[in-house]
Amino acid sequence: MDHYLKGIDEKIIKKASKIKLLITDVDGVLTDGGVIYDDNYLEYKKYNVKDGLIVKVLQRHGILVGAITGRNSPVVQKRCEELHFDFHHHGIKDKGAKLLEVLDQYNLDLNEIAYIGDDLIDLPILVQVGLAVAPKDALPYIKEEVDFVSSLNGGKGVFRETGDLILSAQGHLKKIINQLTGK
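Residue numbers (UniProt numbering): 1 to 183.
The following block contains the structure:
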């Protein structure tokens, strides 16, 4: 077994090995859930660059990346565009219905989808997908419904940890590291 997977349950590794699409919520996952407004009501959010770096790596290995978020925020839309997500849907109140559209659009099965979410609005997706993930600081009743609880809080690299898990389970991460280190 890849040493990057040490301590992770074999069932989770098996689920991660089947993933073809990683979808994330934004607030509370890619961010810490905080929103800052200035005097002109401009919105600010803080993102972790490690999350952004793994997007291209996942895509190069055939894994699609997307976001389904309940808020409609220009800042979030800009970040998703900057990272070249394969898709991003904003202002979605019925995430379960949007998931079905995405499945149809990309001709995927539920067991090929990983989703990271942290709140009630995410439950309709979390209970259906092949690999459900929550940040360490998600509410307890959310963490009870997922396969994998990240070791990290929202905004601190949860997306990255999940991407690394998927890449490791599919045999890619160790090869990537070996190529970069010349081993």
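Cβ atoms here follow ideal geometry from the backbone N, Cα and C, with glycine treated the same way.
Keep in mind that this is a model prediction, so the values were computed, not measured.
**Message:** In the DSSP assignment, the beta strand (DSSP E) including Y115 goes from what residue to what residue?
**Reply:** For Y115, the enclosing beta strand (DSSP E) has its first and last residue at 113-116.
**Message:** Just to confirm the assignment: which complete alpha helix (DSSP H) runs, minimum length 4, are found wholly within the stretch 55-128?
**Reply:** Runs of the alpha helix (DSSP H) inside the stretch 55-128: 74-82, 95-106, 123-126.
**Request:** Report back the beta-carbon spacing between V133 and F148 to the nearest angstrom; my notes put them in contact at under 8 Å.
**Result:** Confirmed, about 5 Å.
**Prompt:** Should Y141 go down as buried or exposed, given a rule of 16 or more other Cβ atoms within 10 Å for buried?
**Reply:** By the 16-neighbour rule on beta-carbons within 10 angstroms, Y141 is exposed.
**Request:** Determine contact between the stretch 44-51 and the stretch 7-14, defined as no fewer than three beta-carbon pairs at a distance below 8 Å.
**Result:** By the Cβ criterion, the stretch 44-51 is not in contact with the stretch 7-14, since fewer than three pairs of Cβ atoms, one from each stretch, lie closer than 8 Å.
**Request:** Give me the Cα-Cα distance between E82 and S73, rounded to the nearest whole angstrom.
**Result:** Whole-angstrom Cα-Cα distance: 14 Å.
**Prompt:** On the three-state DSSP scale, how would you describe I13?
**Reply:** I13: helix per DSSP, three-state reduction.
**Message:** With distance defined between alpha-carbon atoms, name the residue in S17, K175, E43, T31 nearest to G117.
**Reply:** Ranked by how close their Cα comes to the Cα of G117, the residues S17, K175, E43, T31 have T31 in first place.
**Prompt:** For L100, which option in L42, I23, K15, N40 has the closest C-alpha, if you only look at C-alpha atoms?
**Reply:** Comparing Cα positions, the closest option is I23.
**Request:** Using beta-carbon positions only, say whether I166 and A97 come within less than 8 Å of one another.
**Result:** No, they are not a contact pair.
**Request:** Look at L64 and K20 and say whether their C-beta atoms are less than 8 Å apart.
**Result:** In this structure, K20 lies closer than 8 Å to L64 by Cβ.
**Request:** Measure the CB-CB distance between I68 and H89 and report whether it falls below 8 Å.
**Result:** For the pair I68 and H89, the CB atoms are nearer than the 8 Å cut-off.
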